[in-house]
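Asker:
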């Protein structure tokens, strides 16, 4: 049983006065599964669950695997543990806590426990604020938004890390972008292939 | 080995050292190449095909290690091992006059990670000092060096498009790499609006577009600066050193840090070199009839400074006093970029390790009123990739789907210009470091050495490079 299926079940269960025993055991199972992820150095099980959920909402499973199949959460934990300065990691974690604060204020529960519709609503607000921050920053100065720079807004950090983690994974590179290390050929220009354009 | 006298000793195995070794060995001379760094075995050391998921930080680089160990070097997560550790190889500059000294210390030197763009000088360049009344006139003209350009290009393989420009002589080119459709559009626009002064051509690059002298054509994987297992770009390791080895006349000795040259006061000639073994720290000498100094601009000057004798207290080949002066660099990073509309249904195939070139157009025919000489532009057009999503609104299935397709065409131009020689731009040995060094070097004090063996630093010298600010001409857009 994957998390998405469990969440769907939980969503349907949420309209009921109480969790059915089946949904309740699934809910616990999902959390136990996440808590059991070995090797995380910074994210605690709840933070990890939140990061995993947000990342999957940014890059969901479609006709190709999504963020979860590529373990973006582990990549984000690595960046928080060994790449960011401590201040950036603290800012990220405080931004993550703020996501729960928003969901508590709006819906009275933690982000991971919200319905997909509720999660989307929070994500939309976070995304709007992040892009407003991008615009404000680039209006202020000609910023370098290269892959190695660290944004100041939490959701920008989160989105950037999700994209890097996903598209630099084998699944992202080969299945999603249809790229290969050694290209099939070379030419100045070709028609965009159907599998990329579709 | 004791008492052996080589026909020739070459110090350094980079682009010039590799060429010296090949020419000497092929002419029947028993040649010893001394390289300060380690050996490079392509099958073991090249990393161009390691995917992003094969490196720890997915290509973002080990940021904290880079800040600590290589704040000067410009390496990526894959090729950091081809650049020196800045902590182990310190130098100082005036605080307000930084100088980025990029160094590779291994067999092949910086030819492993070089930019591969290969352009000929013309008489516009050779006559510039004479005409401008600056520095010293070149003792040669284009006709003198043309056969040597041919000789080198014929061996290394340079792909490019002949354009018949007086300021940028054509070479013996392999077939050019293709421009993409956005670059072809830009070429037309430039031709329409700026002809005949400005021309857009494909970069002339030492990357093979067809099999050449036993080396395979480029397979367009992209990151040449991480190595090339098919040896399709020119480097000493891919090209000249194997040719020299074929003669049976070549000996390459890695981990051989050259301290100084040995001047024989009786014969008035250099009779050999003093070496410190980079691993054992043992001091040793090698003897040869001739010595080629190919250790890079700064290291070669350092070796000459270090070779001072009582007769030549300011260093060898320095009776003029200009040793270490007039250090030159590029003017770099002036340019422009922008998006180009059209060709939305097209994309380049493969990762072309080359771009476009706009040759110098200033002061070619008409004199610019405000400045001397000129500059060229390198650049390219490419479709933006998934990273554009970092700063775009959106998330979810539609967002992911949008990022699967290539983004807008982005065109960029980067200016490359020359500096004028200035004696204030100079290097000198660091006398303070010398004291520290002497306490540590032991056996090498007898050479009056500034050359210090810092335990654990892998056989590297400590000395100082001091440089005054450059005085460039202005770059006009």
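Chains as they are written, first to last, in the numbering used here: chain A, 13 to 210; chain B, 108 to 584.
Here a beta-carbon is modelled for each residue, glycine too, at the ideal position from N, C-alpha and C.
As the structure is a prediction and not an experimental result, all values here were calculated from the model.
Just reading off the beta strand (DSSP E) that residue 382 (chain B) is part of, what are its end residues?
Answerer: What you label residue 382 (chain B) is simply residue 275 of the second chain in a count that begins at 1. From DSSP, the beta strand (DSSP E) with residue 382 (chain B) extends over 376 to 384.
Asker: Kindly confirm or deny that the stretch 125 to 136 of chain B and the stretch 347 to 356 of chain B touch, where touching means at least three C-beta pairs closer than 8 Å.
Answerer: Judged by Cβ distances under 8 Å, the stretch 125 to 136 of chain B makes contact with the stretch 347 to 356 of chain B, as three or more pairs qualify.
Asker: Residue 584 (chain B) to residue 467 (chain B), Cα distance in whole Å?
Answerer: Residue mapping note: residue 584 (chain B) aligns to position 477 of the second chain, counting from 1. Residue mapping note: residue 467 (chain B) aligns to position 360 of the second chain, counting from 1. Unreliable positioning characterises residue 584 (chain B) in this predicted model, as indicated by a pLDDT of 25, which lies under 50. The coordinate reading is nonetheless provided below. C-alpha separation (whole angstroms): 13 Å.
Asker: Does the count of Cβ pairs from the stretch 111 to 121 of chain B and the stretch 399 to 409 of chain B closer than 8 Å reach three?
Answerer: In short, these stretches touch, since the Cβ pair count reaches three.
Asker: Mind reading off the beta-carbon distance from residue 80 (chain B) to residue 465 (chain B)? Whole number of angstroms is fine, and I expect it under 8 Å.
Answerer: Here chain B covers residues 108 to 584 and nothing more, so residue 80 (chain B) does not appear.
Asker: Kindly give me the distance between the Cβ atoms of residue 265 (chain B) and residue 281 (chain B), rounded to whole angstroms, as I take these residues to be in contact under 8 Å.
Answerer: Within the second chain, residue 265 (chain B) is the residue found at index 158, counting from 1. Within the second chain, residue 281 (chain B) is the residue found at index 174, counting from 1. Rounded, the Cβ-Cβ distance is 7 Å, consistent with contact.
Asker: State yes or no: is the beta carbon of residue 494 (chain B) nearer than 8 Å to at least one beta carbon in chain A?
Answerer: Numbered from its first residue, the second chain carries residue 494 (chain B) at position 387. So yes, residue 494 (chain B) belongs to the interface.
Asker: Would residue 514 (chain B) and residue 492 (chain B) qualify as a contact pair, given that the criterion is a beta-carbon distance under 8 Å?
Answerer: As a working mapping, residue 514 (chain B) is identified with position 407 in the second chain. As a working mapping, residue 492 (chain B) is identified with position 385 in the second chain. Closer than 8 Å, so yes.
Asker: Out of B:373, B:304, B:289, B:140, which one is the CA nearest neighbour of residue 271 (chain B)?
Answerer: Within the second chain, the letter at position 164 stands for residue 271 (chain B). Here the closest residue by C-alpha is B:304.
Asker: Buried or exposed, going by whether 16 or more other CB atoms sit within 10 Å of the CB of residue 255 (chain B)?
Answerer: Walking along the second chain from the start, residue 255 (chain B) turns up at place 148. Looking at its Cβ environment, which holds fewer than 16 other Cβ atoms inside 10 Å, residue 255 (chain B) is exposed.
Asker: Does residue 211 (chain A) have its Cβ less than 8 Å from a Cβ in chain B?
Answerer: In this structure chain A extends from 13 to 210, so residue 211 (chain A) is not present and cannot be described.
Asker: What would DSSP say about residue 310 (chain B), mapped onto helix, strand or coil?
Answerer: Stepping through the second chain from its first residue, residue 310 (chain B) is reached at position 203. Note: residue 310 (chain B) maps to coil in three-state DSSP.
Asker: Would residue 465 (chain B) pass as an interface residue toward chain A - the criterion being a Cβ-Cβ separation below 8 Å?
Answerer: By 1-based counting over the second chain, the position of residue 465 (chain B) is 358. It does not; no Cβ of chain A falls within 8 Å.
Asker: Can the beta-carbon of residue 176 (chain B) be found closer than 8 Å to that of residue 193 (chain B)?
Answerer: Counting from one through the second chain, the residue named residue 176 (chain B) turns up at place 69. Counting from one through the second chain, the residue named residue 193 (chain B) turns up at place 86. It is a contact, given that the beta carbons lie within the stated cut-off.
Asker: Taking Cβ positions, are residue 597 (chain B) and residue 343 (chain B) nearer each other than 8 Å?
Answerer: With chain B running from 108 to 584 in the structure shown, residue 597 (chain B) is simply not present.
Asker: So residue 155 (chain B) packs on residue 361 (chain B), CB below 8 Å; how close in whole Å?
Answerer: Your numbering for residue 155 (chain B) matches position 48 in the second chain. Your numbering for residue 361 (chain B) matches position 254 in the second chain. With a Cβ gap of about 22 Å, residue 155 (chain B) and residue 361 (chain B) do not count as contacting.
Asker: Cutting at 6 Å between CB atoms, please list the residues of its own chain near residue 190 (chain A), excluding the five before and the five after it.
Answerer: Taking the first chain and counting its residues from 1, one reaches residue 190 (chain A) at position 178. So the list reads 207, 208, once near-sequence residues are dropped.
Asker: Which residues in chain B have a C-beta closer than 7 Å to the C-beta of residue 203 (chain A)? List them in chain order.
Answerer: Sequence index remark: in the first chain, residue 203 (chain A) carries index 191 (1-based). Simply 452, 453.
Asker: Assign residue 435 (chain B) to one of two classes, buried (16 or more other C-beta atoms within 10 Å of its C-beta) or exposed (fewer than that).
Answerer: Taking the first residue of the second chain as 1, we reach residue 435 (chain B) at position 328. Result: exposed.
Asker: Nearest CA to the CA of residue 167 (chain A): which residue from A:180, A:145, A:94, A:181?
Answerer: Translated into the one-based positions of the first chain, residue 167 (chain A) becomes position 155. If we check each option's Cα against that of residue 167 (chain A), A:145 comes out closest.
Asker: Between the Cα of residue 77 (chain A) and those of B:504, B:384, B:380, spot the shortest distance and give me the residue it belongs to.
Answerer: If you number the first chain from 1, residue 77 (chain A) lands on position 65. Per the Cα distances, B:504.
Asker: Put residue 163 (chain B) into one of helix, strand or coil per three-state DSSP.
Answerer: Taking the second chain and counting its residues from 1, the one referred to as residue 163 (chain B) is at position 56. The answer is coil: DSSP assigns residue 163 (chain B) none of H, G, I, E or B.
Asker: Quick check: the Cα distance between residue 223 (chain B) and residue 267 (chain B), rounded to an integer number of angstroms?
Answerer: Sequence index remark: in the second chain, residue 223 (chain B) carries index 116 (1-based). Sequence index remark: in the second chain, residue 267 (chain B) carries index 160 (1-based). Answer to the nearest angstrom: the Cα atoms are 12 Å apart.
Asker: Do you know offhand how far residue 311 (chain B)'s Cα is from residue 370 (chain B)'s?
Answerer: On the second chain, position 204 is the one that residue 311 (chain B) refers to. On the second chain, position 263 is the one that residue 370 (chain B) refers to. Going from the Cα of residue 311 (chain B) to the Cα of residue 370 (chain B) covers about 42 Å.
Asker: Using the beta-carbon of each residue, which ones in chain A are nearer than 8 Å to residue 328 (chain B)?
Answerer: The residue you call residue 328 (chain B) lines up with position 221 of the second chain. Per Cβ cutoff of 8 Å: 193, 194, 195.
Asker: Give, in chain order, every unbroken run of the beta strand (DSSP E) that is at least 3 residues long and sits entirely within the stretch 382 to 451 of chain B.
Answerer: Correct list: 390 to 400, 437 to 447.
Asker: Residue 51 (chain A) versus chain B: which residues are under 8 Å apart at the beta carbon?
Answerer: Taking the first chain and counting its residues from 1, the one referred to as residue 51 (chain A) is at position 39. Here the premise fails: no neighbours, minimum Cβ distance about 13 Å.
Asker: On the CB-based measure, 16 or more other CB atoms within 10 Å of its CB, does residue 174 (chain B) come out buried or exposed?
Answerer: The residue labelled residue 174 (chain B) in the question sits at position 67 within the second chain. Residue 174 (chain B) comes out exposed.
Asker: Between which two residues does the beta strand (DSSP E) carrying residue 108 (chain A) extend?
Answerer: Along the first chain, read from residue 1 onward, the residue named residue 108 (chain A) stands at position 96. Element bounds for residue 108 (chain A): not the beta strand (DSSP E) but the alpha helix (DSSP H), 98 to 119.
Asker: Chain A beta carbons: is any one of them nearer than 8 Å to that of residue 433 (chain B)?
Answerer: Residue 433 (chain B) sits at position 326 when you count from the first residue of the second chain. Chain A, which has no Cβ nearer than 8 Å to the Cβ of residue 433 (chain B), makes this no.
Asker: What does DSSP give as the partner residues of residue 495 (chain B) in its beta bridges?
Answerer: For this step, residue 495 (chain B) is matched to residue 388 along the second chain. In DSSP, residue 495 (chain B) forms no bridge with anything.
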